[in-house]
Amino acid sequence: EDDVMSSGGGAIPGSSSNSLSTLVTACAERQVNLISEIGTGGAVYDLCALDAGYVAAGVGSTVEILSWAPEKSMLTKECVHTDQILALMVKSRGDFLGVGDLM
């Protein structure tokens, strides 16, 4: 069985140097393979797994909710919240999502 993990802030191959993405990789037999990626508008400071295949990402001054569809190996952006100065930390407790903001 493969271990699937997500990381933020990877560069998208073939794009400009200031374009970043959230990457989903799988580790099997000492190899890391890229499964999916989705572009972000800035630096990814934190990722937090949510229930039912969702991931919360602190990206610059926004918090993005991404959904993961393993059958399609695809990340999709579900919604974005934009009232932070700098979303440095994202944590979940049950149905609640906490954001550690710079200010």
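In the UniProt record's numbering, the protein residues as written are 1 to 103. For each residue, glycine too, the CB sits at the ideal point set by N, CA and C. All values reported here derive from a predicted model rather than from experimental measurement.
Contact check, residue i vs residue j, beta carbons under 8 Å
| i | j | result |
| --- | --- | --- |
| MET89 | ASP51 | no |
| MET86 | THR76 | Per the sequence shown, the amino acid found at residue 86 is Leu instead of Met. Not in contact: LEU86 and THR76 (Cβ atoms no closer than 8 Å). |
| ILE38 | THR25 | no |
| SER36 | SER73 | yes |
| ALA56 | SER92 | yes |
| VAL59 | HIS81 | no |
Residue from the options whose Cα sits closest to the Cα of residue i
| i | options | result |
| --- | --- | --- |
| ALA49 | GLY94, GLY60, ALA43 and ALA28 | GLY94 |
| GLU78 | LEU34, PHE96, VAL99 and GLY53 | GLY53 |
| LEU20 | PHE96, TRP68 and VAL44 | VAL44 |
| ASP83 | LEU34, GLY100 and GLN31 | GLY100 |
As assigned by DSSP and simplified to three states, the class of residue i
| i | result |
| --- | --- |
| ASP51 | helix |
| GLY98 | strand |
| ALA43 | coil |
| THR82 | coil |
| GLU37 | strand |
Own chain partners of residue i with C-beta closer than 7 Å, once the 5 adjacent residues on each side are dropped
| i | result |
| --- | --- |
| MET103 | ILE85 |
Residues near residue i by beta carbon distance below 6 Å, same chain, minus five either side
| i | result |
| --- | --- |
| GLY42 | VAL59 and GLY60 |
Paired residues, beta bridge with residue i - DSSP
| i | result |
| --- | --- |
| SER67 | TYR54 and THR76 |
Sequence-distant residues of the same chain with beta carbon closer than 8 Å to residue i, five excluded per side
| i | result |
| --- | --- |
| LEU97 | CYS48, LEU50, ALA56, VAL63, VAL90 and LYS91 |
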